[in-house]
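Undergrad: Protein chains in written order, with the numbering used here: chain S, 6 to 217; chain G, 6 to 217.
Just so you know, even glycine gets a beta-carbon here, dropped at the ideal spot from N, CA and C.
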DNA sequence: TAGATTGTTAATCGATTAACAATC
DNA sequence: TAGATTGTTAATCGATTAACAATC
């Protein structure tokens with residue numbers, strides 16, 4: 006439908022960072038900023054910043070720079086923070102509960118609608134006014150409720166099964182905390198948070214430093 | 006000290022993924038694998054896999070491929086999983102507690118030595134046999150104990166302060182969950198887990214799909 | 001030995017940076 | 001108008017892929 010050429014993943018990964026820094030500028034009542042000033046703050050080159058923004062259209066004004074509020078709103082629209090997303094969490098262990106209680110959650114339009122687990126001790130417990138249900142109920146739940154994003158916080162060995170369940174029920178976005186690479190159709194988006202890989206990266210970087 | 010040319014971040018970020026897949030192969034009793042087979046499994050091209058490994062030395066054998074166990078151990082050594090790391094967590098909220106209870110933690114050599122928070126309700130509570138202490142005690146604690154990695158799970162507005170405290174006490178690795186970019190000296194390594202940015206990336210990708 | 005697959009060099013591709021004309 | 005800064009094209013840099021000689 007849309008015709009704009011594909012945006013590279015490198016650019017996409019920078020967008021949330023722009024969004025965060027612009028929010029901070031807004032809070033500090035800054036109302037205009039040049040690519041140079043933004044560069045000093047955020048650490049990307051001014052040239053890259055202008056290139057990135059121009060993937061989506063000309064948000065600036067020659068001789069002036071960018072209007073912070075306008076740019077913030079535009080990037081928000083590009084990211085999709087102007088919409089609401091119904092979500093469910095599968096796996097109410099440490100990570101699942103942390104995510105459920107994460108307050109910034111709602112700020113980007115995430116509405117938590119359900120939490121599921123297999124552990125009988127957890128089923129029935131309430132988190133944020135939501136009663137944890139048996140994983141066996143997910144299918145029926147998804148039949149009745151419209152859910153946009155499924156969050157996987159189960160162990161590695163069951164993650165793919167949950168992903169399949171999501172896919173067969175039409176969920177198009179998966180936020181995956183399990184240490185596996187999920188296999189899903191092309192039209193389903195997966196964003197991974199691989200904590201173990203993150204830890205290993207840190208450890209590598211530390212040892213590399215020490216070797217210098 | 007070490008003279009090997011700098012490894013690009015792109016390669017570094019792939020190492021933990023290799024490590025994870027090799028662990029899986031080991032568990033399945035696979036004892037040799039070619040770059041082509043690994044490519045089918047992991048999704049990188051065979052050429053890239055060979056290039057990556059050759060940043061660190063020739064781990065393979067022409068006509069044979071790679072010995073899984075040997076390669077796994079080599080990559081482990083490169084990453085630094087053969088060493089132990091004393092860690093502390095600052096911020097015992099949802100994320101901090103989840104990380105403290107995260108069982109894979111120890112598997113890569115992380116030894117949790119302390120947990121700190123400002124909340125009087127949390128101070129004194131035990132998590133994994135460790136009593137949560139007042140944040141004010143961090144400085145003294147770091148004076149007495151050798152800590153390699155500091156984990157920041159506090160809100161954005163105090164994260165930099167904690168990082169400064171870490172740096173002044175000689176901590177060289179920071180795992181940061183706060184939604185800020187920390188300012189630290191060059192010889193201190195920071196690995197960020199920015200959940201909010203991850204969510205926004207997912208939302209962008211979903212909307213991009215829908216537009217197609 | 002013949003076949004297979006690495007290690008490594010060369011070619012290609014894509015992303016970042018530099019430069020500058022357009023224009024507010 | 002003059003100065004500033006964007007939008008955009010061109011140049012550079014780096015990363016990925018292709019190719020193939022080396023060799024197990």
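Work out the CA separation of residue 188(S) and residue 181(G) for me, nearest whole Å.
TA: Cα to Cα, residue 181(G) sits roughly 29 Å from residue 188(S).
Undergrad: Considering only DSSP beta bridges, list what residue 178(S) is partnered with.
TA: The partner list for residue 178(S) (beta bridge, DSSP) reads 154(S) and 194(S).
Undergrad: Could you confirm whether any beta carbon from chain G is found closer than 8 Å to the beta carbon of residue 15(S)?
TA: no
Undergrad: Identify the continuous alpha helix (DSSP H) that holds residue 172(S) and give its terminal residues.
TA: 161-173
Undergrad: Closer than 8 Å is the cut-off here; do at least three beta carbon pairs connect the segment 21-33 of chain G with the segment 192-202 of chain S?
TA: yes
Undergrad: Mind checking residue 89(G): buried by the 16 CB within 10 Å criterion, or exposed?
TA: exposed
Undergrad: Can you tell me whether DSSP reads residue 89(S) as helix, strand or coil?
TA: coil
Undergrad: Considering only residues of the same chain and omitting the five flanking positions on each side of residue 100(S), which have a CB-CB separation below 6 Å?
TA: 158 and 182
Undergrad: Please confirm if residue 7(S) has its CB atom under 8 Å from at least one CB of chain G.
TA: Low per-residue confidence applies at residue 7(S): pLDDT is 42, beneath 50, and the placement is therefore not dependable enough to give any value.
Undergrad: State whether the segment 71-79 of chain S contacts the segment 100-109 of chain S, with contact taken as three or more CB pairs (one from each stretch) at a distance under 8 Å.
TA: no
Undergrad: Would you report the Cα separation of residue 155(G) and residue 132(S), rounded to the nearest angstrom?
TA: 29 Å
Undergrad: Hey, how far is the Cα of residue 9(S) from the Cα of residue 66(S)?
TA: Bear in mind that the predicted position of residue 9(S) carries a pLDDT of just 47, short of 50, making it too unreliable to give a figure here.
Undergrad: Taking Cβ-Cβ distances shorter than 7 Å, what residues in chain G pair up with residue 155(S)?
TA: Going along chain G, no residue has its Cβ under 7 Å from residue 155(S), so there is no contact; the nearest lies around 11 Å.
Undergrad: What residue ranges within the segment 83-133 of chain S form continuous beta strand (DSSP E) runs of no fewer than 3 residues, ordered along the chain?
TA: Counting only runs of 3 or more, we get 90-95 and 115-122.
Undergrad: On the three-state DSSP scale, how would you describe residue 80(S)?
TA: Looking at residue 80(S) - three-state DSSP - the assignment turns out to be helix.
Undergrad: Can a CB atom of chain S be found closer than 8 Å to the CB of residue 91(G)?
TA: no
Undergrad: Report the neighbours of residue 194(S) on chain G: residues whose CB is nearer than 7 Å to its CB, in chain order.
TA: 207, 210, 211 and 214
Undergrad: Using the three-state DSSP reduction, which class does residue 36(G) fall into: helix, strand or coil?
TA: coil
Undergrad: Are the segment 113-122 of chain G and the segment 116-136 of chain S touching, with three or more C-beta to C-beta distances below 8 Å?
TA: no
Undergrad: Nearest chain G C-beta to residue 190(S) closer than 8 Å, yes or no?
TA: no
Undergrad: Just reading off the beta strand (DSSP E) that residue 235(G) is part of, what are its end residues?
TA: Because residue 235(G) is not part of the residues shown, which for chain G are 6 to 217, the question remains open.
Undergrad: What does DSSP give as the partner residue(s) for residue 136(G) in the beta ladder?
TA: 131(G)
Undergrad: Anything in chain G within Cβ reach of residue 115(S), meaning under 9 Å, just list it in chain order.
TA: The contacting residues are 204 and 208.
Undergrad: Spatial neighbours of residue 56(S) within its chain, please: C-beta separation below 6 Å, excluding the five flanking residues on both sides.
TA: none
Undergrad: Take the Cβ of residue 50(S) as the centre, count every other Cβ of all protein chains shown within 10 Å, and call the residue buried at 16 or more, exposed below.
TA: exposed
Undergrad: Using a Cβ-Cβ distance under 8 Å, would residue 120(G) count as near chain S?
TA: Using beta-carbon distances, residue 120(G) does not count as an interface residue toward chain S, since no partner is under 8 Å.
Undergrad: Under 9 Å between beta-carbons, which chain S residues line up against residue 1(G)? List them in chain order, please.
TA: The requested residue 1(G) is not part of the displayed model; chain G covers only 6 to 217.
Undergrad: Against chain S, does residue 83(G) count as a neighbour if the rule is that its beta carbon must be under 8 Å from one of theirs?
TA: yes
Undergrad: Going by alpha carbons, who is nearest to residue 145(S) out of 171(S), 81(S), 164(S) and 108(S)?
TA: Taking only the C-alpha atoms, the option nearest residue 145(S) is 171(S).
Undergrad: DSSP on residue 62(S), reduced to helix/strand/coil?
TA: coil
Undergrad: Would you kindly work out how many angstroms separate the C-alpha atoms of residue 213(G) and residue 192(S), rounded to a whole number?
TA: 10 Å
Undergrad: Answer yes or no: does any C-beta atom of chain G fall closer than 8 Å to that of residue 24(S)?
TA: So, interface residue.
Undergrad: Give a yes or no on whether the minimum CB-CB distance between residue 107(G) and chain S is below 8 Å.
TA: yes
Undergrad: Using the beta-carbon count (16 or more within 10 Å), is residue 134(S) buried or exposed?
TA: Residue 134(S) comes out exposed.
Undergrad: How should residue 136(G) be labelled, buried or exposed, when 16 other C-beta atoms within 10 angstroms of its C-beta is the threshold for buried?
TA: exposed
Undergrad: Mind listing the chain G neighbours of residue 178(S)? Cutoff is C-beta to C-beta under 7 Å, in chain order.
TA: 207 and 211
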